[in-house]
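J.: Mind looking over this structure? Questions follow.
Here it is as structure tokens:
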């Protein structure tokens, strides 16, 4: 048996679990750093090991276009290609394709789209995506789904039925036994649609389930409320994956509602922007106040960046436009996220997760300035890369 | 005594020596990677240690402008600021200022120039540069000199006298006993001027001497011929530093003529361009021929990049525009240069340097394509950054 989900302890809705995969186990709750193009930007496998990463994510859309899934298959698959010997998850490419907006055309069969690299025309169907993901060879593959705007009821109703038919078609052609195919619950912020989706997919008996279509336009309160109704409708004996969510405060709130793992570009992207995560919120390392600050970014952090460099030096590297700044910031932010997950797991084991949640949220303040920075960065990223 | 030069063995004109500094010894012949802005681009101190770096270089012009020498002094000096505990050398900023061309004005007193960052006006005099370098606190500091076009006889004659007066003024105000101030021999490609310069500076009794003004427009043959006459005119009991030279073939030829150490941005800059160094010459990693090549860049190389990744993966990272490509390429190229220096030292110790030189040059072919790439990169770099 390649995959096994062990639920070790619950604390309220929060779950402490282990998911076994062909490339090792994943202690959950877990956070997966994102390696879009088979590389977590600026990091090497040894950095990810140092930070305690278990699962990492790669993007099917990007790798299909470049260097191509057949090339990666000929090179021995994604693990061997990128030299990551731990578990890997690939998304289905659906989210990227649907965010191409003007450059794609959707039908029952699948979706036709234009490459953001060279404008060439391609199509994704459930069958084609299964072929790609099986060629890439991650431990966890995702079904092709549609990700509608979460507040548009009519669109969500129409898309949901098609997404369900696509899930059936994916399941029908997926054959790799050393790869777990996960279903994706959709339905926007609408409780009845979410429950309907969870129940439909439960019938297909996937080895794990994701919650898709959140953190893409709704408020945080709407996201949390959606998790409140969706998680209980999902099987208790399978891992639950909240896709694309990764702000520390959202992770803590989602774990409290029963989510087991996460992925997000946030820690790596904001690091390249000069925003570093600490238990007291975000720091903008370009800020003049750090110009002569001899302290590390975070006093009790054990990452290489904090063990080695001062805020003053990091600020200099960011201001001077040095590539090293992006990397040293990324090393810290990824370490911060994985340390947060370790603390979450410990708190659940000790049966004190709710106290941890309240303490964490009280301390982790997000300034308006940092929020604006993030929004600008996300807008820019959406323009640049689908 | 803070500094000591031990000449351990000669083999023809080639010298195997050790230079002792307050931050440790430098086995020579040596190559210094360049950390213009107090950071060897994309690398960390641990990477430089792994590669076997001993001496690194930082640029006075850049650090004076940003973050400022007084800030670095307040942060405990350059070693502490950038967390490099080995020897550091700073140039005088002269070369950068003189390459500003239209944005600077020269007189007997010194040079007035406009910052490439914000256009603000600054001046460098010998006295000011000594103040800056003593504040930065490297182990080796360089006198302020003028670096004329190497083929312009009249300009070189006029500049040489001024450069000599500036060397005297630098020497007169330099007081840090834990910092070695080196003189710089100028004179373009003109044998009589070089000899005159070497003899004048010998009279000032510097603890070491550089050869400046080469590799900036003359042919390789002119450079080698200039070294043929300059090295013998320099003191035998002091280290000889050929500034800004770093193409592997030039290093081998310069060692054969009696040079002890080198610095150059070439290995780091061409790595960011996708050009990787091997004993068989340069490889352009963007080349389609490597798309499915499972081999490391260089089979017998022990750097992290070669121990870990295939050419296929590196090519993918370069083509996909991943920052990691620039870093993995830099790790390899810096390791290649430092390994070359180890081989040179071993060959001199064994009294077989000339055989090594002939073998190396025969194998290390530079294709015309690679040459064109390098020239384009250097032209671009000169436009972007003085």
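Chains as they are written, first to last, in my numbering: chain A, 1 to 386; chain B, 387 to 772.
Glycine included, C-beta positions come from ideal geometry on N, C-alpha and C.
None of the values given here were measured: they were computed from a predicted structure.
Report the neighbours of residue 423 of chain B on chain A: residues whose CB is nearer than 9 Å to its CB, in chain order.
T.: Here the question's residue 423 of chain B lines up with position 37 in the second chain. Under the 9 Å cutoff, chain A gives 316, 317, 320, 321, 322.
J.: Measuring only the C-alpha atoms, how far is residue 240 of chain A from residue 177 of chain A?
T.: Counting from one through the first chain, the residue named residue 240 of chain A turns up at place 240. Counting from one through the first chain, the residue named residue 177 of chain A turns up at place 177. Looking at the two C-alpha atoms, the distance is approximately 20 Å.
J.: Measure the alpha-carbon distance for residue 585 of chain B versus residue 595 of chain B and round it to whole angstroms.
T.: Translated into positions along the second chain, residue 585 of chain B becomes position 199. Translated into positions along the second chain, residue 595 of chain B becomes position 209. For residue 585 of chain B and residue 595 of chain B, the distance between alpha carbons rounds to 11 Å.
J.: I need the DSSP call for residue 775 of chain B, collapsed to helix, strand or coil.
T.: For chain B, the structure presents residues 387 to 772; residue 775 of chain B sits outside this window and is missing.
J.: Please name the residue or residues paired with residue 662 of chain B in a DSSP beta bridge.
T.: Counted from its first residue, the second chain places residue 662 of chain B at position 276. Answer by DSSP bridge pairing, in chain order: B:669.
J.: I'd like to know if residue 294 of chain A contacts chain B, where contact means its C-beta is closer than 8 Å to some C-beta of that chain.
T.: Here residue 294 of chain A is taken as the residue at index 294 of the first chain, counted from 1. Answer yes: the Cβ-Cβ gap between residue 294 of chain A and chain B drops below 8 Å somewhere.
J.: With a CB to CB cut of under 7 Å and the five nearest residues on each side skipped, what residues in its chain are close to residue 396 of chain A?
T.: Given that chain A is displayed from residue 1 to residue 386, the structure contains no residue 396 of chain A and the question cannot be resolved.
J.: With a 10 Å radius around its C-beta and 16 neighbouring C-beta atoms as the bar for buried, classify residue 280 of chain A as buried or exposed.
T.: Within the first chain, residue 280 of chain A is the residue found at index 280, counting from 1. So residue 280 of chain A ends up on the exposed side.
J.: For residue 565 of chain B, which of B:687, B:521, B:548, B:555 has the nearest alpha-carbon?
T.: In the second chain, residue 565 of chain B corresponds to position 179, counting from 1. Cα-wise, what sits closest to residue 565 of chain B is B:521.
J.: Which partner residues of residue 403 of chain B appear in the DSSP bridge assignment?
T.: Residue mapping note: residue 403 of chain B aligns to position 17 of the second chain, counting from 1. B:393, B:414, per the DSSP bridge assignment.
J.: Going by alpha carbons, who is nearest to residue 115 of chain A out of A:127, A:348, A:98, A:193?
T.: As a working mapping, residue 115 of chain A is identified with position 115 in the first chain. The residue with the shortest Cα to Cα distance from residue 115 of chain A is A:98.
J.: Can you find a CB in chain B that lies within less than 8 Å of the CB of residue 389 of chain A?
T.: Not covered by the structure: residue 389 of chain A. The range shown for chain A is 1 to 386.
J.: Return yes when the Cβ of residue 334 of chain A is within less than 8 Å of the Cβ of residue 267 of chain A, no when it is not.
T.: Start at 1 with the first residue of the first chain, and residue 267 of chain A comes out as number 267. Start at 1 with the first residue of the first chain, and residue 334 of chain A comes out as number 334. Yes, Cβ-Cβ distance for residue 267 of chain A and residue 334 of chain A is below 8 Å.
J.: Count the CB pairs spanning the region 308 to 323 of chain A and the region 337 to 356 of chain A that are closer than 8 Å, and state whether there are at least three.
T.: no
J.: Given that a residue counts as buried once 16 or more other Cβ atoms are within 10 Å of its Cβ, and exposed if not, what is residue 660 of chain B?
T.: Locating residue 660 of chain B in the second chain gives position 274, counting from the first residue. Per the 10 Å Cβ criterion, buried.
J.: Roughly how many angstroms lie between the CA atoms of residue 472 of chain B and residue 428 of chain B, to the nearest whole one?
T.: Locating residue 472 of chain B in the second chain gives position 86, where the first residue counts as 1. Locating residue 428 of chain B in the second chain gives position 42, where the first residue counts as 1. Near 18 Å, if we compare the C-alpha coordinates of residue 428 of chain B and residue 472 of chain B.
J.: Going by the CB atoms, is the gap between residue 645 of chain B and residue 663 of chain B shorter than 8 Å?
T.: Along the second chain, read from residue 1 onward, the residue named residue 663 of chain B stands at position 277. Along the second chain, read from residue 1 onward, the residue named residue 645 of chain B stands at position 259. Contact flag unset, no.
J.: If we cut at 8 Å on Cβ distances, does residue 653 of chain B have a partner in chain A?
T.: By one-based count along the second chain, residue 653 of chain B stands at place 267. No - not a single Cβ of chain A is within 8 Å of the one on residue 653 of chain B.
J.: Could you check whether the Cβ of residue 446 of chain B sits closer than 8 Å to any Cβ belonging to chain A?
T.: Residue numbering aside, residue 446 of chain B sits at position 60 when the second chain is read from its first letter. Chain A contact via Cβ: absent.
J.: Going by DSSP in three states, residue 475 of chain B sits in which element: helix, strand or coil?
T.: Within the second chain, the letter at position 89 stands for residue 475 of chain B. Looking at residue 475 of chain B - three-state DSSP - the assignment turns out to be strand.
J.: Give a yes or no on whether 8 Å exceeds the smallest Cβ distance from residue 468 of chain B to chain A.
T.: Within the second chain, the letter at position 82 stands for residue 468 of chain B. So, interface residue.
J.: Leaving out the 5 sequence neighbours to the left and right, which residues in its chain are closer than 6 Å to residue 234 of chain A when beta-carbon positions are compared?
T.: Counting from one through the first chain, the residue named residue 234 of chain A turns up at place 234. If we look at residue 234 of chain A and ignore the five residues flanking it on each side, its Cβ neighbours are 198, 209, 240.
J.: Taking a contact to mean a Cβ-Cβ separation below 8 Å, would you say residue 570 of chain B touches residue 602 of chain B in this structure?
T.: The residue labelled residue 570 of chain B in the question sits at position 184 within the second chain. The residue labelled residue 602 of chain B in the question sits at position 216 within the second chain. Against a cut-off of 8 Å, the Cβ pair of residue 602 of chain B and residue 570 of chain B comes out as no contact.
J.: Would you give the residue range spanned by the alpha helix (DSSP H) that residue 327 of chain A belongs to?
T.: Here residue 327 of chain A is taken as the residue at index 327 of the first chain, counted from 1. Per DSSP, the continuous alpha helix (DSSP H) segment holding residue 327 of chain A begins and ends at 323 to 349.
J.: Ordered along the chain, which non-local residues of its own chain (more than five positions away) have a Cβ less than 8 Å from that of residue 108 of chain A?
T.: Counting from one through the first chain, the residue named residue 108 of chain A turns up at place 108. The residues are 162, 165.
J.: Please confirm whether residue 70 of chain A has its beta-carbon closer than 8 Å to some beta-carbon of chain B.
T.: As a position in the first chain, residue 70 of chain A is number 70, starting the count at 1. Cβ-Cβ to chain B under 8 Å: no for residue 70 of chain A.
J.: In whole angstroms, what separates the C-alpha of residue 300 of chain A from that of residue 51 of chain A?
T.: For the purposes of this step, residue 300 of chain A is taken as the residue at position 300 of the first chain. For the purposes of this step, residue 51 of chain A is taken as the residue at position 51 of the first chain. In a straight line, the C-alpha of residue 300 of chain A is about 14 Å away from that of residue 51 of chain A.
J.: For the region 54 to 69 of chain A and the region 19 to 36 of chain A, state whether three or more C-beta atom pairs, one from each stretch, are separated by less than 8 Å.
T.: Enough Cβ pairs lie closer than 8 Å, so yes.
J.: Quick one: what's residue 606 of chain B bridged to in DSSP?
T.: If you number the second chain from 1, residue 606 of chain B lands on position 220. BP columns for residue 606 of chain B are empty, so no partner.
J.: So for residue 589 of chain B, helix, strand or coil by DSSP?
T.: Within the second chain, numbered from 1, the residue matching residue 589 of chain B stands at position 203. The answer is helix: DSSP assigns residue 589 of chain B an H, G or I state.
J.: What are the complete beta strand (DSSP E) segments, minimum 3 residues, inside the region 248 to 272 of chain A?
T.: 261 to 263
J.: Less than 7 Å separating the Cβ of residue 272 of chain A from some heavy atom of the ligand GDP?
T.: Ligands in the displayed structure: none, and consequently the ligand GDP is not present.
J.: Does DSSP put residue 105 of chain A in a helix, in a strand, or in coil?
T.: Within the first chain, the letter at position 105 stands for residue 105 of chain A. Strand at residue 105 of chain A.
J.: Using CA atoms only, rank isn't needed, just tell me which of A:61, A:129, A:351 is closest to residue 171 of chain A.
T.: As a working note, residue 171 of chain A is residue 171 in the first chain. Minimum Cα distance to residue 171 of chain A is reached at A:129.
J.: Use the C-beta contact count for residue 747 of chain B: other C-beta atoms within 10 angstroms, 16 or more gives buried, fewer gives exposed.
T.: Numbered from 1 along the second chain, position 361 holds the residue referred to as residue 747 of chain B. Exposed, by the Cβ-count rule.
J.: Grouping DSSP H, G and I as helix and E and B as strand, with all else coil, what is residue 358 of chain A?
T.: Numbered from 1 along the first chain, position 358 holds the residue referred to as residue 358 of chain A. Residue 358 of chain A: helix per DSSP, three-state reduction.
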